[in-house]
Structure formats: structure tokens, C-alpha cells
Amino acid sequence: MPGHIKQPSSTVSRFFQSFSLRYIPKPIWALSISTLLMTLSGSIVFTIAPHYLIDVLHLDKQSVGWMEGVVESFALIVRMASGSLSDFFVRRKSIILMGYILSTVAKVGMPFAYGVSVLYFARITERIGNGLQAAPREALVGDLAPENVRGACYGVRNAFGKAGSSLGALIVFLILFTAFTTHVDAGTYQFIFLVGIIPSVIACIILYLFVQDKKQSVSNKPASVKPFRLNIKDLRYLGKRFWILMIVVAIFNFSHFSETFLQLRAREVGVSVVYAPLVMVLMNLTIALASYPVGNLSDRFGRKIFLFIGFICVILADILLALGQGYLSVFIAITFWGVQMAMTQGMIATLVTDTANPDYRGTAFGVLNVLTGIVYFIASPLYGWIWDTFGGMWPFLCSAVITVISFALLYGVMRRKSLRVK
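So for the sequence shown, my numbering puts the first residue at 919; every next one is plus one.
What follows is the structure, encoded as C-alpha cells:
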């Protein structure tokens, strides 16, 4: 009978031991740290950028939406080529490093962007660099991660990335709060842009020294495939389940908009420019704290349940952002937004790895990001126009409606036996 007494304790013990980080491979730790530093750098620069656009360059909301849509689309479309190249050369690290370096060089130009055209050039260059490294980075995590902890590995990578974003926004807040509480001018923005360059340089060094590609064979690829060029016919090798997933993801992404709008909504309900970076701190900290537990649990309980919960969090966040008028409602909404990002981003990345042909993993992430880029290009300026024309609540109500449609579509897809995923 003693065995019956010990069993529950043993089960509970194994449950908590499964959250141990010792199962995460060392190269993923190094890649995650370099990601943290790059996102830290980007967060310092781009947390303050929306306010620079409005306060110094005097752009309206629709123009900000167009800029965000254009630059994000450049980045996401570049990811298609970078993913395919990393599949062909099986040298994901080299392409990631190229992207890191390009992003770093572009950030050097940000302090001198006193005109819209210069800022556009610097932003586009930086996002192209981001696009070069993003798809190979996600594919490299899939290469290095053991299958039984794949969700946890993506969770760690996502957590570090969002921790960097949160820390960067916090640094911006501290700079503004301690040094520029009375007056924020062009010189303030220039100083913050310069600070943002430092972690980007360190990230390049860590990636170069401590991350290596996984050796793998590509001999099982069909002879007709020529991955060194972007041949549309090659996309058929990604598989039916992958493409069904992409349809759902594309529709769902129409409910998303640039995070710039979250800060602008906070300012509209009374949050000052000094405290606006705390919006990004809260959102990214929530993502960082939730990503690893969600990824770990998805390895055991399946991906789809967390996708469904993530969709519900989007709807709740949108309703609060649309109808809430006080600080509390905005910050609760931002928390929900962070939770949904941890769930949906992590689960989508893991599902891409689960459903796509392993020999075309980089290409699969490239396709994901091209579709996302097209959606961003349409959604960001559209939401900006809706905001300027009808008011700040309407973009978020539209987002909630689209999320409900996505939820229903995903539920229908998951019920089809041939298309079910874990």
C-alpha cells in the first residue's frame, strides 16, 4: 500500500521537474541571449520612435500607420528569401549574423533622422536586417530543439526576446523620468537612439562566438527542387497541413496592428509621453513571463488549447481598449494582449515546425512571415485610417470581430481529422 501513497507525490514531482530548464540545449541559450540583446536594442530605439514621429516630425496617425505597415512588410517579405537560403546552405547562423550586423548599422543612422525620408531609410534598413535573421533564427531553434521539448525551447527563445523588449522600454522610461521629466525634445530622442546601439553590438559578438549550426543532411530533398532560387513550385513540398494553418494564421493576423497603436491609445486616455513606455514594459514582461510555461505545457497538453485561449485574450484586450477610459482598463488590456502574444506567437511558431517538411523549415517560416507582412501592410494603415476617421475605439472593435471569425475558423479546421494538429 505504501506505493499507492508515494505515487501522487511522484507524479507531482515529475510535473514540476518537467519545467526544469536543464533540458534546453546550450546553443539555444546563447541564441536566446543574443536575441534578448537585439530586442533590447530595438526596443530602446523603437519604443520612443512613435512619439518622435508625432512630436518632432508632426505626422498624423494614418501616416504613422503607413510607415509601420511599409517597414514591417519589408522585413517580413525579406524573411522568405532568408529562410529559403538557410534551407539550401544549411548555414542559418551566417544569415542571422548578416541580419544582426545590418540592423546594427541602420540604428547608427537613427540619431540623425531629422527628416521623414532619412527616418524611412533607417527604419527600412533596420527591418530588412531584422527580416534576414528572423526566419533562420526560428528554423535554427527547430533544428536544435529535441522534439519532446520543442515547445519549451521556443518558449525560452520567445521569453528572452520579450524580456529584452521589456527591459528596453523600461530603460527608455527611466531615462525620460530621471533626466527629461520637464521637457522632451529632439535632443532627448537622439540620446536615446544612441544608447540603443550598444546592446546590438554585443549581440553580434555573442552570436558569432557561441552559436553553431546543427549538422544535417539535405540529401532527402527531391531532386527537382532548387532551393537556391525562389521557385513558387517548391512551396508544394511544405505540405497540406501547413497551408491550412497558414490560412487561419493570415486571417487571425488581420486582428493585429502595430504595437505603436497600443501606446497611442494609452496617450489618448491620458498617459503622458514619459509614462507611455510602461505600456511596452508591461506587455513584453507579460509575454516573457508567460512564454516558457505556455511552451512547456503545450508539449504535454497540445498546441490548440493555448491558441484558443490566446484568441479569447485578444477579444478581451480589444474590448477593454475600445471601451475603457481609465489607466486601469488600459493596463489590464495590455496584460491580456501580452498573454495572447505569448500564446499565439509561441504556438504558431511551434505548429509551423510541427506541420512543415523539416527540409523546408526555413522556407516555412519565410512563408509565414510573408503572409504576415502582407497583412501588416494592409492592416496597419487601415486601422490608422479608421482611427483618424471614426475615433480610437473602432480599430479595436474591428480587431475583436476578426478574432471571433478566426476563432470559429480554427475550431472548424481542428475538427477535421485529416488536418488535426497536436
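For each residue, glycine too, the CB sits at the ideal point set by N, CA and C.
* To do: Counting only the same chain and skipping the five closest in sequence on each side, list residues whose C-beta sits under 8 Å from that of TRP984.
  => The beta carbon of TRP984 sits closer than 8 Å to those of SER1298, PRO1299 and GLY1302, all from its chain and outside the five residues before and after it, given in chain order.
* Do ARG1279 and GLY1060 come within 7 Å of each other at the CB atom, strictly closer than that value? -> Result yes, Cβ atoms of GLY1060 and ARG1279 sit closer than 7 Å.
* How is ARG1131 classed by DSSP in three states: helix, strand or coil? -> Here residue 1131 turns out to be Asp, not Arg, going by the sequence shown. Of the three classes helix, strand and coil, the one that applies to ASP1131 here is coil, per DSSP.
* Alpha carbon to alpha carbon, what distance is there between MET1164 and LEU1156? -> In a straight line, the C-alpha of LEU1156 is about 11 Å away from that of MET1164.
* Endpoints, alpha helix (DSSP H) assigned at GLY1264 -> Here the alpha helix (DSSP H) through GLY1264 covers 1245-1273.
* To do: Could you pull the start and end residues of the alpha helix (DSSP H) that PHE964 belongs to?
  => It spans 944-973 - the alpha helix (DSSP H) in which PHE964 sits, taken as one unbroken run.
* Could you give the distance in angstroms between the alpha-carbon of GLY1047 and the alpha-carbon of ASN1076? -> Rounded to whole angstroms, the gap between the alpha carbons of GLY1047 and ASN1076 is 19 Å.
* Can you tell me which of ALA967, LEU1289 and GLY1079 puts its alpha carbon nearest to the alpha carbon of GLY1256? => Of the candidates ALA967, LEU1289 and GLY1079, the residue whose Cα lies closest to the Cα of GLY1256 is GLY1079.
* Which residue spans inside the stretch 1169-1205 form an unbroken alpha helix (DSSP H) run of at least 4? -> Counting only runs of 4+ residues, the alpha helix (DSSP H) found wholly inside the stretch 1169-1205 occupies 1178-1186, in chain order.
* To do: Work out the CA separation of SER959 and LEU1027 for me, nearest whole Å.
  => Before going on, a small fix: residue 1027 reads as Gly here, not Leu. Roughly 14 Å between the two C-alpha positions.
* Asked: If we count the other Cβ atoms within 10 Å of its Cβ and call it buried at 16 or more, is PRO1276 buried or exposed?
  -> Only exposed fits PRO1276, as fewer than 16 other CB atoms lie within 10 angstroms of its CB.
* Asked: Which two residues bound the contiguous alpha helix (DSSP H) that contains LEU1050?
  -> Bounds of the alpha helix (DSSP H) holding LEU1050 are 1034-1062.
* Asked: Quick one: Cα of CYS1122 to Cα of ALA1040, how far?
  -> Looking at the backbone, the Cα of CYS1122 and that of ALA1040 are separated by about 19 Å.
* Hey, quick one: how far does the alpha helix (DSSP H) through TYR1301 stretch, first residue to last? -> It spans 1279-1308 - the alpha helix (DSSP H) in which TYR1301 sits, taken as one unbroken run.
* Asked: What's the call for ASP978, buried or exposed, on a 16-neighbour Cβ count within 10 Å?
  -> Exposed, since its Cβ has fewer than 16 Cβ neighbours within 10 Å.
* To do: Compute the Euclidean distance between the alpha carbons of ASP1005 and VAL1270, then round it to the nearest angstrom.
  => ASP1005 and VAL1270 have their C-alpha atoms spaced approximately 15 Å apart.
* Three-state secondary structure (DSSP) at ASP1005? -> ASP1005 falls in the helix class under three-state DSSP.
* In three-state DSSP terms, what is ASP1217? -> It is helical.
* Asked: PHE1102 by DSSP, collapsed to three states: which one?
  -> The question names Phe, but residue 1102 is Val in the sequence shown. In the three-state reduction of the DSSP assignment, VAL1102 falls in the coil class.
* What residue range is occupied by the uninterrupted alpha helix (DSSP H) comprising LEU1234? -> Unbroken alpha helix (DSSP H) run through LEU1234: 1222-1241.
* Asked: For ILE1227, which of PHE1249, MET1261 and LEU1328 has the nearest alpha-carbon?
  -> Nearest of PHE1249, MET1261 and LEU1328 to ILE1227, Cα basis: MET1261.
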